[in-house]
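K.L.:
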Amino acid sequence: MALIVHKYGGTSMGSVERIKNVAQRVAKWHAAGHQMVVVPSAMSGETNRLIGLAKEIQSQPDPRELDMLASTGEQVSVGLLAMALKAVGVPAVSYAGWQVPVRTDNAFTKARIESIDDSRVRADLGAGRVVIITGFQGVDASGNITTLGRGGSDTSAVAVAAALEAEECLIYTDVDGVYTTDPRVVPEARRLARVTFEEMLEMASLGSKVLQIRSVEFAGKYRVKTRVLSSLTPPDIDLATEAASGTLITFEEDEQMEKAVISGIAFNRDEAKITVTNVPDRPGIAYQILGPVAEANIDVDMIIQNASVGGNTDFSFTVHRNEYQKAMAVLNDTVKSRIQAGDIVGDPKIAKVSVVGIGMRSHVGIASLMFRTLSQEGINIQMISTSEIKISVVIEDKYMELAVRALHKAFELDQPAAA
Ligand code: ASP
Ligand code: MG
4 MALIVHKYGG
14 TSMGSVERIK
24 NVAQRVAKWH
34 AAGHQMVVVP
44 SAMSGETNRL
54 IGLAKEIQSQ
64 PDPRELDMLA
74 STGEQVSVGL
84 LAMALKAVGV
94 PAVSYAGWQV
104 PVRTDNAFTK
114 ARIESIDDSR
124 VRADLGAGRV
134 VIITGFQGVD
144 ASGNITTLGR
154 GGSDTSAVAV
164 AAALEAEECL
174 IYTDVDGVYT
184 TDPRVVPEAR
194 RLARVTFEEM
204 LEMASLGSKV
214 LQIRSVEFAG
224 KYRVKTRVLS
234 SLTPPDIDLA
244 TEAASGTLIT
254 FEEDEQMEKA
264 VISGIAFNRD
274 EAKITVTNVP
284 DRPGIAYQIL
294 GPVAEANIDV
304 DMIIQNASVG
314 GNTDFSFTVH
324 RNEYQKAMAV
334 LNDTVKSRIQ
344 AGDIVGDPKI
354 AKVSVVGIGM
364 RSHVGIASLM
374 FRTLSQEGIN
384 IQMISTSEIK
394 ISVVIEDKYM
404 ELAVRALHKA
414 FELDQPAAA
């Protein structure tokens, strides 16, 4: 018997029929003797619908009132799921975030969880009840309802699992796990049975949008064993089979076995490149270029500056594509004349491709295999950045899929992992 947290996404909660399936699945785990806490999202489409209503009234809805409104989707879900469990004879109780309480800061629409009181939940579990807690929402110190940002139910579930020191947090979703890369780009992509949270963080932040990134940070910080698995299996599937399915997010220290050097290839087309040409190569230049960009609240990702030969150089960096126009305006309006630079050249047609794996820490030659593979495909690398467990390159966006396929093959990610 263990304490287990289940999280169900909007698709799983999408209709009364599906909610009954969730109840059946949870009832199976409860019948096996586990203490069960369930954290559901709003029914699919509901949060969008609510935000849409708000925008019909205010183009920039008041954040406090928006949270009051948007949090109701999850409240519908917990109420219905508790009823569905009771209907099949399982004692259950639902709670909104403020009733637990799930305490957050007061940053409406993107609040952070500060603490979760476990006493009420533990009392219910002790009495044999399944406890159902709203995802996505909490309460601030003044009693206002807050929400955690889109996709926040993942974080709610992992945070609840951390507070209760649950044995495992199972995130049921419409994919059956985390893959070596997007199977729509590489059909040979394989599901990873295990991935460390460090790798998962890199993959999530690089665009593998299986989990809200904050939930992965939470899992890492509080060492919550988290599993991503399919919600599409029949609810009465054998429990042991289900419990071993999907992808387990683990911790590097626990990885006894010889892991593959590279776990996955991540990619996105979310960024744009900006080059400030003919920049005088003297102290303070990077600050004079990027200072105003930061002041405009624009995040910068990759940066490169060449050593200069004749005293002038080019300075390039990437920003999110949504902020590209704004960044160009800042540079043209304030930076260009101040540092007497040449033209400011923008290029939104780029893609970022990364190889990710903790095995890189102990293996050399990863970068050279990556660069060789790209060169064999005739793909020019525009920028490079590295961390301990990741190498990223910026390339022309039309080559993105070719690059991902070639790298996936070169790193033998299509081959079954050694057991
Ligand atoms: N219902 C919220 C959303 O759609 C939270 C979640 O689903 O995780 O963003
Ligand atoms: Mg989600």
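Following the numbering used here, the numbering of the sequence shown begins with 4 at its first residue and continues without gaps.
Glycine included, C-beta positions come from ideal geometry on N, C-alpha and C.
(1) I'd like to confirm something about residue 157: is its beta-carbon nearer than 7 Å to some heavy atom of the ligand ASP, or not?
(2) To the nearest angstrom, how far is the alpha carbon of residue 50 from that of residue 217?
(3) What does a CB cutoff of less than 8 Å around residue 380 pick up in its chain, not counting 5 residues either side in sequence?
(4) Across which residues does DSSP place residue 386 in a beta bridge pair?
(5) Which stretch, first to last residue, makes up the alpha helix (DSSP H) that contains residue 60?
(6) Please report how far the alpha carbon of residue 324 lies from the alpha carbon of residue 356, in whole angstroms.
(7) Going by C-alpha distance, which of 124, 319, 268, 363 is nearest residue 274?
(8) What's the call for residue 43, buried or exposed, on a 16-neighbour Cβ count within 10 Å?
(9) Using 10 angstroms around the beta-carbon of residue 56, count the other beta-carbons present and answer buried if the total reaches 16, otherwise exposed.
(10) Have a look at the DSSP bridge pairing and note the partners of residue 325.
(11) According to DSSP, simplified to helix, strand and coil, what is residue 236?
(12) Using C-beta distances below 6 Å, list every residue in its chain close to residue 393, excluding the 5 sequence neighbours before and after it, in chain order.
(13) For residue 267, write down the residues that DSSP places opposite it in a beta bridge.
(14) Ignore the nearest five residues each way along the sequence and tell me which others in residue 387's own chain have a CB closer than 6 Å to its CB.
(15) Among 348, 287, 254, 138, which residue has its Cα nearest to the Cα of residue 73?
(16) Regarding residue 221 and the ligand ASP, is the C-beta to nearest heavy atom distance less than 7 Å?
(17) Around the Cβ of residue 60, are there at least 16 other Cβ atoms within 10 angstroms (buried) or fewer (exposed)?
(18) Any heavy atom of the ligand GTP closer than 7 Å to the Cβ of residue 389?
(19) Which word fits residue 180, buried or exposed, when buried means at least 16 other C-beta atoms lie within 10 angstroms of its C-beta?
(20) So what's residue 320 in DSSP terms, helix, strand or just coil?
(21) Would you decide whether residue 422 is buried or exposed? Buried here means 16 or more other CB atoms lie within 10 Å of its CB.
(22) Would you check if the stretch 15-31 and the stretch 81-88 touch, i.e. whether three or more CB-CB distances between them fall below 8 Å?
(23) Can you name the start and end residues of the beta strand (DSSP E) that residue 86 belongs to?
(24) Report the option in 285, 301, 305, 308 whose CA atom is closest to the CA atom of residue 314.
(25) Return the residue from the list 54, 78, 11, 419 that minimises the CA-CA distance to residue 157.
(26) My understanding is that residue 228 touches residue 214, with C-beta atoms under 8 Å, so please give their C-beta distance in whole angstroms.
(27) Would you identify the three-state DSSP class for residue 103, choosing helix, strand or coil?
(28) Tell me whether residue 153, by its Cβ, gets closer than 7 Å to a heavy atom of the ligand ASP.
(29) Can you give me the C-alpha to C-alpha distance between residue 272 and residue 53, rounded to a whole angstrom?
(30) Give me the Cα-Cα distance between residue 23 and residue 264, rounded to the nearest whole angstrom.
(31) Among 6, 160, 21, 5, which has the Cα closest to the Cα of residue 237?
(32) Cα-Cα, which of 8, 334, 351 is closest to residue 168?
(33) Could you tell me which whole beta strand (DSSP E) segments of length 3 or greater appear in the stretch 269-299?
(34) To the nearest angstrom, how far is the alpha carbon of residue 342 from that of residue 277?
(35) Out of 411, 308, 335, which has the shortest C-alpha to C-alpha gap to residue 346?
(36) Pair every Cβ in the stretch 241-248 with every Cβ in the stretch 181-188, then say whether three or more of these pairs are closer than 8 Å.
P.N.:
Taking the definition as stated:
(1) Yes, the beta carbon of residue 157 sits closer than 7 Å to at least one heavy atom of the ligand ASP.
(2) 19 Å
(3) 402, 405, 406, 409
(4) DSSP lists 397 as partners of residue 386.
(5) 49-60
(6) Distance from the CA of residue 324 to the CA of residue 356, rounded to the nearest whole angstrom, comes to 16 Å.
(7) 319
(8) buried
(9) exposed
(10) Residue 325 is not bridged to any residue.
(11) Here DSSP, grouped into helix, strand and coil, assigns residue 236 to coil.
(12) 205, 357, 359
(13) 359
(14) 396
(15) Nearest option by C-alpha distance: 138.
(16) For the ligand ASP, no non-hydrogen atom lies closer than 7 Å to the CB of residue 221.
(17) exposed
(18) The ligand GTP is not among the ligands present in this structure, which contains only the ligand ASP and the ligand MG.
(19) Answer is buried; the Cβ neighbour count reaches 16.
(20) strand
(21) Low local confidence applies: a pLDDT of 44 at residue 422 is under 50, so the model's placement there is unreliable, and no value is given.
(22) yes
(23) Residue 86 -> not in any beta strand (DSSP E); alpha helix (DSSP H) instead, spanning 75-90.
(24) Ranking the options by Cα distance to residue 314, first place goes to 285.
(25) 11
(26) Incorrect: roughly 14 Å between the Cβ atoms, too far for contact.
(27) coil
(28) yes
(29) 29 Å
(30) When the Cα atoms are used, residue 23 and residue 264 turn out to be separated by approximately 42 Å.
(31) 21
(32) 8
(33) If we require 3 residues or more, the beta strand (DSSP E) runs fully inside the stretch 269-299 come out as 274-283.
(34) 16 Å
(35) 335
(36) no
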